[in-house]
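Structure first, commentary second.
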Amino acid sequence: MRYLPIGELADKARVRASALRYWEERGLLPGARREGGRRVWPATALRRVALIRMAQRAGFTLAEITQLLAADTTPSATRQWRDMAARKLPELDRHIAQTQALRQAVADCLECGCMNFDQCELLGTTNLE
Numbered sequence: 007m008r009y010l011p012i013g014e015l016a017d018k019a020r021v022r023a024s025a026l027r028y029w030e031e032r033g034l035l036p037g038a039r040r041e042g043g044r045r046v047w048p049a050t051a052l053r054r055v056a057l058i059r060m061a062q063r064a065g066f067t068l069a070e071i072t073q074l075l076a077a078d079t080t081p082s083a084t085r086q087w088r089d090m091a092a093r094k095l096p097e098l099d100r101h102i103a104q105t106q107a108l109r110q111a112v113a114d115c116l117e118c119g120c121m122n123f124d125q126c127e128l129l130g131t132t133n134l135e
C-alpha cells in the first residue's frame, strides 16, 4: 500500500497540512502512521479528504461530518444520515436560488452597459435586504 506524507496529501487534496492535522485530531481522518517522525496516510485517505471538503461545501458542520463518516452502517445510522441530508437539501436549494439571483443581477448590469454605478437605474431598484 502506498502512503502519502502530510505535505503531499495536502497538495493533492488542495488543503493545508494544518487542516489535515486538525481533522485527524477531531477524528475525521484516521490516525496517521509515523515514518521518520512524519505523518503519513494511506493514499486512500485522499478520497476521505475529498468527501470532507464536499460535505463542508454543502454546509455540513464538522460535527455533522464526523457523524456522516462514522463507520457505523447500521439501519439507524443510515436513517440518521438520510435525515441529515434531507434537512440540508432545502438549505442548498435556497443557496442555489440566491446565487442564481446574484448571477442574473450581474448579467443585467452587463446588459445595461451604463457602467455609471452612482446613477444606474438597475442598482436603484435592487433590493439589498
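Numbering (our numbering), first residue to last: 7 to 135.
Idealized CB from N, CA, C, for every residue including glycine.
All of these numbers come straight from a predicted model, not from anything done at the bench.
Express the C-alpha separation of residue j and residue i in angstroms, rounding to a whole number.
i       : j       : result
Ala-51  : Ala-38  : 10 Å
Leu-35  : Asp-114 : 45 Å
Leu-116 : Asp-124 : 15 Å
His-101 : Ala-107 : 10 Å
CB residue i to CB residue j, shorter than 7 Å?
i      : j      : result
Gly-33 : Thr-72 : yes
Leu-98 : Trp-87 : no
Ala-49 : Arg-8  : yes
Ile-12 : Ala-25 : no
Leu-95 : Trp-47 : no
Any idea if residue i is buried or exposed, counting beta-carbon neighbours within 10 angstroms, 16 or more meaning buried?
i      : result
Arg-45 : buried
Ala-69 : exposed
Restricting to Cα atoms, I'd like to know which of the options is closest to residue i.
i      : options                           : result
Gly-65 : Ala-49, Gly-42, Arg-40 and Ala-91 : Ala-91
Looking at C-beta atoms only, is the number of pairs between the segment 26-37 and the segment 51-61 that lie closer than 8 Å three or more? Here the segment 26-37 makes contact with the segment 51-61; the two share three or more CB pairs at distances below 8 Å.
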